[in-house]
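What follows is one structure encoded as structure tokens, with my remarks underneath.
Numbering (mature numbering (1 follows the signal peptide of the UniProt record, and there is no 0)), first residue to last: -23 to -1, 1 to 149.
This is how it looks when you write it as structure tokens:
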């Protein structure tokens, strides 16, 4: 009987600690963590203002997210400045939308300082841009952490002339 109780206790503690330590993404990660501030609504307001100034920001924000996520995952490493950062790699020289992310970060920091990752801001902004352009609204799982390393050499994006079968192989 004592062995069964010990095994059960170990399993229960393992499950509890496993769930609390596991940094899984989730919809609404910031809800309740910033007082009454609604992080996603703040970002939506910034993106909407940018969209009404320049509707091409939709494509720019989608491209920004793709260029960030394709190199070592969605970690906002494309935002890091530096002589040899991802931002300076040839495929990224024409990426736009940094100003929207900077504005969203500044707005969010006023209500929720030091908590919201730039990686999440990029994902939320891309989602909101798609919605504003008439696309569907989808949930974004949040809780990402920002990367600290950004190296131009790591940028290996697909070229514009790649075939569909060739691009398919890159996503396997």
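Each residue gets a CB set at the ideal place from its N, CA and C atoms; glycine is no exception.
Reduced DSSP secondary structure (H/G/I, E/B, other) of residue i
i	result
residue 152	For the chain, the structure presents residues -23 to 149; residue 152 sits outside this window and is missing.
residue 117	coil
residue 143	helix
residue 47	helix
residue -12	Residue confidence is low: residue -12 scores 37 on pLDDT, short of 50, so the model does not pin down where it sits. Its coordinate-derived value is still stated next. Residue -12 falls in the helix class under three-state DSSP.
residue 14	coil
residue 128	Its pLDDT being 48, under 50, residue 128 is placed unreliably by the model, and nothing is read from it.
residue -7	Here residue -7 scores only 39 on pLDDT, less than 50, and its place in the model should not be relied on; the value that follows carries that caveat. Three-state DSSP puts residue -7 in a helix.
For residue i, the residue or residues it bridges with in DSSP
i	result
residue 4	118
Residue i classed as buried or exposed, judged by whether at least 16 other C-beta atoms fall within 10 angstroms
i	result
residue 63	buried
residue 38	buried
residue 33	exposed
residue 19	buried
residue 17	buried
residue 7	buried
residue 144	exposed
residue 146	exposed
residue 113	exposed
residue 81	buried
TODO: Could you tell me which uninterrupted alpha helix (DSSP H) segments, each at least 4 residues in length, are contained entirely in the segment 49 to 104, listed from first to last along the chain?
DONE: 75 to 88
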